[in-house]
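J.:
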Amino acid sequence: MCPSHRLIEGTNDERSSSSVTADLVRVYLNEHPDFLNSYIQQNVHSDTIEQWISRKPTKISSTRPSATTTAPLITSQSNSVSTSPITHTNDKRKISSESSKQISLTTAKSMNTLVELNDKRRLLHELTDEVNQNVSKAQILYELNKSIATTVAADGFNLYLVDETDANLRLFSAENDDELAACFIPIRITPGHCLAGYVAWSKETIRISDIAHLDMDKYPDGLYVKDDKVTAVMAHPIISATGVVEFYRVDNILPFSVEDEELYHSMTRERRLNDFLLAVTKSIFQELVSMDAVMLKIMSYAKKLVNADRASLFMVDSRTRELYARIFDIGREEHDVSHSSIVAQQDIPGQKRSVSDDRDCIRFPMDKGIAGYVATTGKTLNIVDAYSDNRFNRDIDQKTGYKTKTLLCMPIMIQGNVIGVVQMVNKKNGHFTKSDEESFETFAVYCGLALHHASLYDRIRRSEQKCKVALEVLSYHASCSDEEYERFKTCTIPSTIPDLELFEFSPWSVTNDMKPIYVLYMFLDLASMDQVNANRFDRECLMRFVLTVRKNYRNVPYHNWSHAFSVAHAIYTVIKLTKHHYSPNECIALFVACLCHDLDHRGKTNAYMVKSASTLASIYSTSTMERHHFNQTVTILQTETLNIFKHFSSKEYRQMLDEIRHCILSTDLALFFENRPKLERVVDQNQFDWHNRDHLLLVMGLSMTAADLCSSFKHWAVQRSNGDEEKRRGIQPQSLMDRSLAHELPKNQVNFINSICLPCYSLIVRVLPETIPMLNGAKDNLHRWQELADEQQQQSSSATMSTSTSTNEITDSSSVATHQSESS
1 MCPSHRLIEG TNDERSSSSV TADLVRVYLN EHPDFLNSYI QQNVHSDTIE
51 QWISRKPTKI SSTRPSATTT APLITSQSNS VSTSPITHTN DKRKISSESS
101 KQISLTTAKS MNTLVELNDK RRLLHELTDE VNQNVSKAQI LYELNKSIAT
151 TVAADGFNLY LVDETDANLR LFSAENDDEL AACFIPIRIT PGHCLAGYVA
201 WSKETIRISD IAHLDMDKYP DGLYVKDDKV TAVMAHPIIS ATGVVEFYRV
251 DNILPFSVED EELYHSMTRE RRLNDFLLAV TKSIFQELVS MDAVMLKIMS
301 YAKKLVNADR ASLFMVDSRT RELYARIFDI GREEHDVSHS SIVAQQDIPG
351 QKRSVSDDRD CIRFPMDKGI AGYVATTGKT LNIVDAYSDN RFNRDIDQKT
401 GYKTKTLLCM PIMIQGNVIG VVQMVNKKNG HFTKSDEESF ETFAVYCGLA
451 LHHASLYDRI RRSEQKCKVA LEVLSYHASC SDEEYERFKT CTIPSTIPDL
501 ELFEFSPWSV TNDMKPIYVL YMFLDLASMD QVNANRFDRE CLMRFVLTVR
551 KNYRNVPYHN WSHAFSVAHA IYTVIKLTKH HYSPNECIAL FVACLCHDLD
601 HRGKTNAYMV KSASTLASIY STSTMERHHF NQTVTILQTE TLNIFKHFSS
651 KEYRQMLDEI RHCILSTDLA LFFENRPKLE RVVDQNQFDW HNRDHLLLVM
701 GLSMTAADLC SSFKHWAVQR SNGDEEKRRG IQPQSLMDRS LAHELPKNQV
751 NFINSICLPC YSLIVRVLPE TIPMLNGAKD NLHRWQELAD EQQQQSSSAT
801 MSTSTSTNEI TDSSSVATHQ SESS
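Counted the way UniProt numbering counts, the sequence shown spans residues 1 to 824.
1) Beta-carbon within less than 7 Å of Thr190's beta-carbon, same chain only, minus the 5 sequence neighbours each way: which residues are those?
2) Give me, in chain order, the residues of the same chain whose beta-carbon lies closer than 6 Å to that of Gln423; leave out the 5 immediate sequence neighbours on both sides.
3) In the DSSP output, what is Gly372 paired with across the bridge?
4) I need the straight-line Cα distance from Leu669 to Thr705, nearest angstrom please.
5) Please state if the CB of Ala570 and the CB of Leu595 are separated by a distance shorter than 8 Å.
6) In whole angstroms, what is the alpha-carbon distance linking Glu503 and His628?
7) Please report how far the alpha carbon of Tyr620 lies from the alpha carbon of Asn631, in whole angstroms.
8) Just curious, the alpha helix (DSSP H) that Gln749 is in, first and last residue?
9) Closer than 8 Å, CB to CB, is Ala454 near chain D or not?
10) Given a cut-off of 8 Å on the beta-carbon distance, is the pair Arg544 and Leu474 in contact?
11) Which of helix, strand or coil does DSSP assign to Ser318?
12) For Val532, does the count of other Cβ atoms within 10 angstroms reach 16, so buried, or fall short, so exposed?
13) Go ahead and pull the three-state DSSP assignment for Asp499.
14) Under 8 Å: do the segment 547-566 and the segment 581-590 share three or more Cβ pairs, one atom per stretch?
15) Does the Cβ of Ala212 have 16 or more other Cβ atoms within 10 Å, making it buried, or fewer, making it exposed?
16) For Pro411, write down the residues that DSSP places opposite it in a beta bridge.
17) Can you give the Cα-Cα distance for Ala778 and Phe673, rounded to whole angstroms?
18) Grab me the residues of Tyr521's own chain with a C-beta within less than 7 Å of its C-beta, minus the 5 sequence neighbours each way, in chain order.
19) Is Tyr39 buried or exposed, if buried means 16 or more other CB atoms sit within 10 Å of its CB?
20) Let me know if Gly420 comes out buried or exposed under the rule of 16 or more other beta-carbons within 10 Å of its beta-carbon.
21) In terms of residues, what are the limits of the beta strand (DSSP E) holding Asn393?
22) Going by alpha carbons, who is nearest to Leu577 out of Arg326, Leu698, Pro773?
23) Assuming the contact rule is C-beta atoms closer than 8 Å, Trp425 and Ala308 should be a hit. Round their C-beta distance to whole Å, please.
24) Should the segment 370-390 be called in touch with the segment 430-443, which here means at least 3 C-beta pairs below 8 Å?
25) Around the Cβ of Tyr476, are there at least 16 other Cβ atoms within 10 angstroms (buried) or fewer (exposed)?
26) Pick from Pro677, Asp397, Asp221, Ser147: whose alpha carbon is nearest that of Leu266?
27) Which residue's Cα is closest to the Cα of Arg681: Leu214, Ser614, Leu763?
28) Looking at the secondary structure, which residues open and close the alpha helix (DSSP H) in which Gly156 lies?
29) Need the endpoints of the beta strand (DSSP E) that Met234 sits in, please.
30) Applying the 10 Å Cβ sphere with the 16-neighbour rule, what's the burial state of Ile575?
31) Could you tell me which of Lys651, Leu679, Gln687 sits nearest to Leu702, measuring between CA atoms?
32) Could you tell me if Asp317 is buried or exposed, where buried requires 16 or more neighbouring beta carbons within 10 angstroms of its beta carbon?
33) Looking only at C-alpha atoms, which of Leu161, Thr622, Gln685, Glu652 sits nearest to Thr667?
34) Where Ala616 and His563 are concerned, what is the direct C-alpha to C-alpha distance, given to the nearest angstrom?
35) Inspect the beta-carbon positions of Met234 and Asp260 and report whether they are closer than 8 Å.
36) Using the rule of at least 16 other Cβ atoms within 10 Å of the residue's Cβ for burial, across every protein chain shown, is Lys303 buried or exposed?
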């Protein structure tokens, strides 16, 4: 008994069962197909069969010549090419198997990526990945047709492309084999030859269910590439790319159906729509210059999409509940689209003109006309006969002589709101179809995005222009007046100022009118320390700069012009007494930074600006006020008459601004607490190096903090005069500087000096020993404040004891209440 019979009979013999192998089963099934068919029908569900079919890769060949292939004729022995006409005689020369392999080209990667055939959109996305790897149009067409062949279950396809003469077709080789391509004679694009030539000539899709019944009158030469196994053919012209593609099925497989042809057309439309939308996206979003430019492009692309004669685009004015348009299509090319023509306004009863941006603008209520209906309801209207619709206005047609027949009107929406309406007029061939609606609906989404972004861009552009105007006005009013400059110019700059280079000098002894003179003196003195800088600064520009800086300080407690002057003097003293540790430009940067470090200060801390959600806090997330001070400094320097660095090179100018920025930001105490440990580690390890850029920046920042805290190291009488000066100017000083709040001052000052001032001065003395007066002054003031704090504590204790004695005479309940109050 043969193995196959033992398999069917199902013997219980253990030895027989062990002899059954996969190969034996495969042999039996091949020998008994009827049994396999019967078994599957009875035991396998139809869904499982469909899954098998959808998962099975189909081998697609671009060309399938067989042993009976005729012209073009190629043999492996001679490599000769026959140019004789193609005939159906049996005396044919055979294409060699090697050539057949060269012609039959497949891409396994493309087949492995194709899954369920009914998922057309997924197939199209996968095709996109394939074509993105190909650069030529022919290769893209080849990849596309491979996917289509799989979709329509074709066994293979032949792609013919028009050659450079535009009169012949040539069979396309996927591997661009020039030697192989030379073996094929051109196909004339005329009737009376092969099927491919006829389809290219007639531009018609030809579907042949039985190749044996080929119409020999139309294409006597039959198929260009012969294969005896081919039983059905579908040939389709590629109009835009001027070519022909043939799909064929072999053996006894079902012929191509109308559904296959429609499937091909559907995929082609999908591809064209995707290409179109990609072109629209690139064109529109790359040129968001203005709303008008975007509207022109939308109208132009919309006409091309649905093959309309004219187009109109109306925008919604939600404030007045009107539709308006200022760009209209007058039926010519894109560059002829007019701003003032009203030819396309076929459906606007009660329209009115208004002037917007010096151009004619048509406006009408949203509840009027076809466009108004679409804008109000958000529904698409496809009108086959415009004159039969009572919403259509015929007046414009009668005036212009233009005949409106069909209309396609669709809303443009963003986030569920209608922002515009696109109206297509008169399809050039027939009426607007459901397919046009679907394509146009997709297009409208891109239109909405483009218009929305163009609107935002337009707002930003207008805001920028307004900002420029505001800055110009601000610059004018924030700059010093000519009268101020003339008065300043008459003042004499002293040759020397006694004690100005000493830390003990009191900046609050200088009157407000004299402060600019002192600032100019210190600036010129620092500049003269270097021979190059001595002649780089224009005196008139310096005068205007100093006066403008003074004008931009607000009349607030502490962070005012007097404070800026005292800080600038402190850094001047540091520079003069530290024996040129800083470079000439670094000295200038430090001085300018101190002078401008609190520009336009509002008298509020960074924490308050953040908590109050101020505009500045939204612009600058960290070091809010310090960044604003630097921005104001740059704004002043950007004014031509105030740019004291105008004689610097571009590189020097950028470097100067970078150093000023670093110095001003360093006055934020939050950065001081962050950077102090870094510098302490460097100094503790004896690794500090003035030529190390990081070390230098740390010391410059520390110098700025030391200067900013200058009130704490001034002599006792000088320090108290700071608050007195502010009170004389009608400003309520901070509690630390207000002697009227004597009961609060000592304790606050002791804490402030211990936690901030002494650590700062102790560290800077280790790097710049010449600054020892700062540390000594701070310690002396700490001792004075501690004495006052102790006195205050004794007075408070005495007052508490006195209160306690008097409360003994009060009732027990009152005594308890008083005790609780004192404890709290």
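Yeah, the Cβ is synthetic: ideal placement off N, Cα and C, and Gly gets one too.
T.: Short version:
1) Here the set comprises Gly197, Trp201.
2) Ser312, Ala371, Cys409
3) Gly372 has no beta-bridge partner at all, per DSSP.
4) 8 Å
5) no
6) Note on residue identity: the sequence assigns Phe, not Glu, to residue 503. Taking the straight line joining both Cα atoms gives about 29 Å.
7) Roughly 11 Å between the two C-alpha positions.
8) 745-752
9) Here there is only one protein chain, and chain D is not present.
10) no
11) coil
12) With fewer than 16 other Cβ atoms within 10 Å, it is exposed.
13) coil
14) no
15) exposed
16) Val421
17) 19 Å
18) Closer than 7 Å at the Cβ level, and outside the excluded window around Tyr521, lie Ile493, Pro494, Ile497.
19) exposed
20) buried
21) Looking at the DSSP string, Asn393 is not in any beta strand (DSSP E), and its letter there is neither H nor E.
22) Pro773
23) One point to set straight first is that residue 425 is Val, not Trp, in the sequence displayed. The Cβ separation is near 6 Å, so the contact holds.
24) Three or more Cβ pairs closer than 8 Å define a contact, and the segment 370-390 meets that threshold against the segment 430-443.
25) exposed
26) It should be pointed out that residue 266 corresponds to Ser in this sequence rather than to Leu. Ranking the options by Cα distance to Ser266, first place goes to Ser147.
27) Nearest C-alpha to Arg681: Leu763.
28) DSSP places Gly156 outside any alpha helix (DSSP H); the residue lies instead in the beta strand (DSSP E), whose first and last residues are 156-162.
29) Looking at the DSSP string, the run of the beta strand (DSSP E) that includes Met234 is 230-238.
30) buried
31) Leu679
32) exposed
33) For the set Leu161, Thr622, Gln685, Glu652, the Cα lying nearest the Cα of Thr667 is the one of Thr622.
34) The sequence shown places Leu at residue 616, rather than the Ala named in the question. Cα to Cα, Leu616 sits roughly 22 Å from His563.
35) yes
36) Counting Cβ neighbours within 10 Å, Lys303 comes out buried, since at least 16 surround it.
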